[in-house]
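**Student:** If you're matching positions, the first sequence starts at 3 in the working numbering and goes up one per residue.
Ideal placement from N, C-alpha and C gives every residue a C-beta, glycine not left out.
Structure in C-alpha cells, see below.
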Amino acid sequence: MNLSHLNSIQQRAVTSTEGPYMVIAGAGSGKTSVLTHRIAYLLEAAHINPSNILALTFTNKAATEMRQRIENMVGPAAKNLWLGTFHSIFARILRKEADRLGYPRNFTIYDTDDSRALLRSIIKEMNLDDQVYKPYVVLARISGAKNRLITAQAYANSALYQADDESARKPHLGTIFLKYVDRCFKAGAMDFDDLIFNTHQLLRYAEVLYKYQECFRYIMIDEFQDTNMAQYAIVKDLAMLHKNICVVGDDAQSIYAFRGADIHNILNFEKDYATLSVIKLEQNYRSTQNIVYAANSIISHNKAQFKKVVWTDNDVGEPIDLIRATTDAEEGRLVAASIYESRANHKLRNNDFAILYRTNSQSRAIEEALRKMNMSYRVVGGMSFYQRKEVKDLLAYLRLLINPNDEAALKRIINLPKRGIGANSVDKMVTAATDHAIPLWKVVCHASSFLGSRVGNTIEEFAAMIQQIAAELSQRDAYDIASCIAKRSGLLKELHEDKTVEGLGRYENVQELLNGVKEFTTNPENEDTSLAAFLQEVALATNADTVDQEVTDKITLMTIHAAKGLEFAYVYVVGMEEGLFPSQLMLESRADLEEERRLFYVAVTRARQRIFLTYAMTRYRFGRLKHCEPSRFITEIDPAYLQMKTQRALQVAHSEGYARRLVSSIARNAQKPPQQTHAMNNFQPSDMTHIEVGMQVAHPRFGRGTVCQLDVSGDVRKAKIDFVDFGEKTLLLSFAKIKILDRIPE
DNA sequence: ATTTATATCTTTTTT
DNA sequence: AGATATAAAT
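This is the structure we're talking about:
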C-alpha cells in the first residue's frame with residue numbers, strides 16, 4: 003500500500019488502526035483522503051474482512067464518493083463494507099430486527115411532509131389551534147426530543163418539559179407527541195429521527211447489541227461534528243467491545259446544530275475515551291494563503307473552538323473580491339459577467355465555478371442572469387425529483403402496497419384520482435380505527451359497516467384493487483407491479499389526459515419514476531431488488547446526491563450546506579446581506595451567530611483560488627422590494643484580505659439598476675388600476691435624488707430616446723429623455739407609456 | 001363532493 | 001410572488 007503522497011501526520015492517521023482516535027481535520031487538509039486510505043489500509047495491510055468495518059457518513063454523496071475511491075484502491079472488496087449514512091445503515095439494521103420492536107419488516111419511512119401532515123391531522127383531531135401548534139414547530143420539538151433519546155412518555159411525564167411548554171403556551175405538546183408516536187407505530191412507519199432513535203432502542207437488547215458489537219470491529223465516523231447525541235450514543239455502544247473507533251471532524255465546520263448536531267460530542271469525546279489519541283491535520287492543501295487566512299479571521303470571532311491553526315504552503319493568491327450590486331437581478335448579472343470574464347482570462351471551465359447561497363430561493367435571480375448570457379449551469383438541491391407531487395403520488399401507491407397501514411400514503415391517494423371519497427370519510431375511518439383499536443386498513447376493507455354502503459362500497463372497491471395487486475407482489479417484479487398500479491389506479495390516465503405543458507412534464511416524471519424502478523430492479527449491484535428496498539432508497543435519497551459526474555461542464559449553484567465536502571477553483575458567495583446571511587431568524591432569536599459564522603467559513607474554504615462575495619442593496623423578498631444592509635460578516639474579515647471592486651463600474655451599475663426598476667415599475671403601473679401601485683410606493687431609492695442613466699426607451703409620441711437623468715425625489719418621477727427627433731424632453735413618467743428597450747452598448 | 005374565491009404565510013439550512 | 005389553507009359557492 004502506497005502512502006508516500008501523504009504527509010507524516012496523515013500517514014499516522016491512516017495506520018493507527020487500534021484503539022480510539024480523533025482526527026481533527028481542518029478544511030482542505032485531506033480528510034477524505036485519510037479516511038479512504040485508512041479503510042483501504044485496514045483491508046489490505048491488516049487483512050480485515052470488509053464486513054467487519056463500519057464507516058458512517060452524513061450524506062449519500064459522501065458515502066458513494068468514498069466507496070468509489072476505496073474501490074479504486076482495493077477492488078470489489080469495497081462492496082461488502084458497512085459504508086453509508088447513519089440513516090441508511092441504521093435502516094438496514096432495523097429492517098433485519100424490526101420485529102423485536104413490534105414493527106413490520108416492511109416499515110415505511112415518513113419524510114418531513116408525511117410527518118407534518120400527520121401532525122396536522124392530530125392537532126385538528128384534538129381541536130387545538132394550529133396557529134399555536136404549528137406543525138413544523140411541533141415537529142421540531144419532537145425531533146429535538148428524539149435526538150436526545152427522550153421518549154414520548156418521558157417527555158409527557160417530565161415536569162420540566164411540562165413547565166417549559168406551558169410557559170410557551172403549548173401545554174398539549176406532550177400529548178401530541180404521544181399520539182404522534184402511537185400513530186406512526188400503528189401505521190408501521192418511522193420518521194427520519196426514528197431511524198436513529200429506534201436503533202438505539204434496539205441495542206438495548208443485549209444479544210442484539212453483542213451481535214453488532216462483534217460485527218463492527220472497526221468503526222469510523224466522518225463529519226463527526228455533525229452527529230447528534232443519539233447517533234453518538236449508538237456508536238459509543240457499538241464501539242464498547244473492540245474500542246477501535248476513529249472519528250474525523252472539524253468543529254469549525256459544524257453547521258447542523260439546527261438538526262440536533264451537538265458540538266459537544268467532539269469536545270467531550272476525550273472524556274469518554276481515556277486512552278484517546280488526537281491527531282490534528284492543520285495543513286491546508288486546497289486554498290491560497292489569502293483564502294485560508296481570511297477564513298481564519300472569520301472564525302476567530304467565535305468563542306468555543308478546538309485549538310487548531312490551519313495554515314498553508316500555497317501561493318498568496320488574490321485578495322477576496324467584494325462586489326456590490328443594486329438589486330438581486332443585478333447581482334446575478336454581475337456574477338455572470340465576472341464568471342464569463344474569468345473563464346476567458348484564466349482558461350477555466352464551467353466546472354471550476356460554484357455559486358453558493360444561504361437559501362435555495364436565491365438561485366432564481368442568478369439562474370435568470372446565467373440563462374440570459376447562455377452559460378450552462380446546474381442547480382443542486384431545491385425541489386428534488388422525489389418531492390414532486392405526481393412522483394410522490396405514485397410512490398404513495400407503492401408504499402400502500404407494501405404497507406397498507408401507511409396512513410400518510412393512504413390519505414394522499416385514496417381520492418386520487420377523484421373517486422368521491424372526501425376528507426370527511428377518511429377522518430371517520432381514522433377515528434373508527436382508534437376507537438375500535440384496530441388497524442386502519444381493516445376499517446378501509448370493511449368501510450361499509452362503518453360509514454354506510456354509499457361511500458363504503460366505493461372505498462371497499464378501492465381497497466380490493468390495492469389488495470389484488472398486493473397479492474401478486476411476490477410473483478411479479480417490482481417494475482411490473484409499479485406500472486400495473488400506475489395504470490389500474492387511473493393515475494397515469496389522468497395525467498395523460500392533461501395536455502398542458504406542465505401536465506406533459508408530470509406524465510414524463512411518472513414515467514421516469516417507473517424507469518427508475520426498472521433500473522433499480524435490474525441493477526446487478528443491488529442485492530435486494532424488492533419494491534420495499536426501492537422505497538427505502540428513495541425515502542433516504544436527497545436532492546443533493548444527484549450522481550452527476552463531471553461529464554458535463556457546468557457552473558454549480560447550491561446552498562452552502564450542500565457544498566460541504568466539495569471544492570472549486572472560484573467560489574461566489576452571493577447574498578451577503580444582514581438578514582439573509584446571517585439569517586433573519588438567527589438575528590431575531592437571541593442565539594449567537596457562531597453557527598452562521600461557521601457556515602460562512604465553510605463557504606469560503608471551498609475555494610482553491612478565488613473568492614467573490616456579493617451583496618445587493620435592494621432585494622425582492624415575499625414579492626416586496628426591501629432595502630438591504632451588507633452582512634456584518636464582511637466587516638469581520640481582516641481587511642488585509644479584502645478588496646472592493648472599482649467604484650466607477652459600480653456607480654454605473656448602481657444607477658442603471660435603480661432606473662430600470664423604477665421606469666419599468668412606472669410603465670407597468672400606468673396600465674394598472676390604482677390599488678396595484680403599492681409596489682411603486684414602496685420603492686425607496688435611499689438618498690438619491692438624481693440618477694444618471696443610459697437606457698433606451700420608446701414613447702408613443704416622441705419615438706425612441708435615451709433616459710439621461712431621472713428625478714426620484716419624493717413622489718416626483720420625472721425623467722429627462724433625449725429623443726432622436728425631438729431633442730431633450732422632461733416627462734412625468736406616470737403619464738407616459740414608456741417601453742424599455744435594451745441598454746445601449748457603451 | 002367539488003370547484004372557486006379569499007386569506008394567510010412563507011424562507012434557513014437536510015437525513 | 002407563489003404556495004397552501006380556509007371559506008364560500010356551486
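Looking only at C-alpha atoms, which of 76, 42, 571 sits nearest to residue 345?
**Tutor:** 571
**Student:** Roughly how far, in whole angstroms, is the beta-carbon of residue 43 from the beta-carbon of residue 17, given that I think they are within contact range, below 8 Å?
**Tutor:** 6 Å
**Student:** When the Cα of residue 65 is compared with those of 421, 83, 560, which residue comes out closest?
**Tutor:** 83
**Student:** Which same chain residues end up closer than 6 Å to residue 15 when comparing Cβ atoms and leaving out the 5 residues on each side of it in sequence?
**Tutor:** 25, 36, 281
**Student:** Whose C-beta lies closer than 7 Å to the C-beta of residue 365 among residues of the same chain, with five residues either side of it excluded?
**Tutor:** 359, 381, 384, 559
**Student:** DSSP state of residue 641, grouped into three classes?
**Tutor:** helix
**Student:** Have a look at 449, 409, 467 and flag the residue whose alpha-carbon is nearest the alpha-carbon of residue 190.
**Tutor:** Of the candidates 449, 409, 467, 409 places its Cα closest to the Cα of residue 190.
**Student:** Flag this pair as yes or no: are the beta carbons of residue 256 and residue 600 separated by less than 8 Å?
**Tutor:** yes
**Student:** What does the Cβ neighbour count give for residue 438, buried or exposed, with the cut at 16 atoms within 10 Å?
**Tutor:** exposed
**Student:** Using CA coordinates, which residue listed in 107, 591, 645 is at the minimum distance from residue 187?
**Tutor:** 107
**Student:** Alpha carbon to alpha carbon, how far is residue 616 from residue 745? Give it in angstroms, no decimals.
**Tutor:** Summary for residue 745: the model assigns pLDDT 42, below 50, so the residue's position carries little reliability; its value from the coordinates is reported in the next sentence. Their backbone Cα atoms lie some 23 Å apart in a straight line.
**Student:** Whole angstroms is fine: what's the gap from residue 403's alpha carbon to residue 481's?
**Tutor:** 13 Å
**Student:** From what residue to what residue does the alpha helix (DSSP H) around residue 301 run?
**Tutor:** First-last of the alpha helix (DSSP H) with residue 301: 291 to 301.
**Student:** Just list the beta strand (DSSP E) runs in the stretch 590 to 622, keeping only unbroken ones of 3 residues or longer that don't cross its boundaries, in chain order.
**Tutor:** 609 to 618
**Student:** Whole angstroms are fine: how far does the CA of residue 455 sit from the CA of residue 524?
**Tutor:** 44 Å
**Student:** Between the alpha carbons of residue 27 and residue 710, how many angstroms are there, rounded?
**Tutor:** 56 Å
**Student:** Using DSSP with H/G/I as helix, E/B as strand and the rest coil, what is residue 52?
**Tutor:** helix
**Student:** Taking the straight line between their C-alpha atoms, what separation do you get for residue 639 and residue 296?
**Tutor:** Taking the straight line from one Cα to the other gives about 6 Å.
**Student:** Mind checking residue 624: buried by the 16 CB within 10 Å criterion, or exposed?
**Tutor:** By the Cβ neighbour-count rule, residue 624 is exposed, with fewer than 16 other Cβ atoms within 10 Å of its own.
**Student:** What is the C-beta distance between residue 21 and residue 245, in whole angstroms, given that I count them as a contact (C-beta under 8 Å)?
**Tutor:** 6 Å
**Student:** Tell me whether the beta-carbon of residue 596 lies closer than 8 Å to the beta-carbon of residue 633.
**Tutor:** no
**Student:** For residue 128, name the three-state secondary structure that DSSP assigns.
**Tutor:** coil
**Student:** According to DSSP, which residues form a beta bridge with residue 585?
**Tutor:** 581, 582
**Student:** Could you tell me if residue 169 is buried or exposed, where buried requires 16 or more neighbouring beta carbons within 10 angstroms of its beta carbon?
**Tutor:** exposed
**Student:** Please give the ranges of any alpha helix (DSSP H) in the stretch 193 to 252, keeping only runs that are unbroken, at least 4 residues long and fully inside the region.
**Tutor:** 194 to 204, 208 to 217, 231 to 241
**Student:** Check whether the stretch 406 to 422 touches the stretch 130 to 137, counting contact only when three or more Cβ pairs, one atom from each stretch, lie closer than 8 Å.
**Tutor:** no
**Student:** Across the stretch 389 to 404 and the stretch 484 to 496, are there enough close Cβ pairs to call them in contact, namely three or more that are closer than 8 Å?
**Tutor:** The stretch 389 to 404 vs the stretch 484 to 496: in contact.
**Student:** Quick check on the DSSP output: the beta strand (DSSP E) that includes residue 559 runs from which residue to which?
**Tutor:** Where residue 559 is concerned, the enclosing beta strand (DSSP E) stretches over 557 to 561.
**Student:** Report the residue ranges of all alpha helix (DSSP H) runs contained in full by the stretch 133 to 172; include only those spanning at least 4 residues, in chain order.
**Tutor:** Given a length threshold of 4 residues, each whole run of the alpha helix (DSSP H) inside the stretch 133 to 172 is given here in chain order: 137 to 149, 154 to 159, 161 to 169.
**Student:** Could you name the residues that DSSP lists as bridge partners for residue 326?
**Tutor:** 617
**Student:** Hey, how far is the Cα of residue 179 from the Cα of residue 262?
**Tutor:** Put simply, the backbone Cα of residue 179 is about 17 Å away from that of residue 262.
**Student:** Here's the rule I'm using: 16 or more other beta-carbon atoms within 10 Å means buried, otherwise exposed. How should residue 549 be labelled?
**Tutor:** Unreliable positioning characterises residue 549 in this predicted model, as indicated by a pLDDT of 49, which lies under 50. A coordinate reading is not provided.
**Student:** Would you call the stretch 456 to 469 and the stretch 423 to 442 in contact, with 3 or more CB pairs under 8 Å?
**Tutor:** yes
**Student:** Roughly how many angstroms separate the alpha carbons of residue 94 and residue 612, rounded to a whole number?
**Tutor:** Rounded to whole angstroms, residue 94 to residue 612 spans 42 Å at the Cα level.
**Student:** For the alpha helix (DSSP H) containing residue 393, list its first residue and its last residue.
**Tutor:** 391 to 404
**Student:** So, using beta-carbon positions, are residue 356 and residue 334 closer together than 8 Å?
**Tutor:** no
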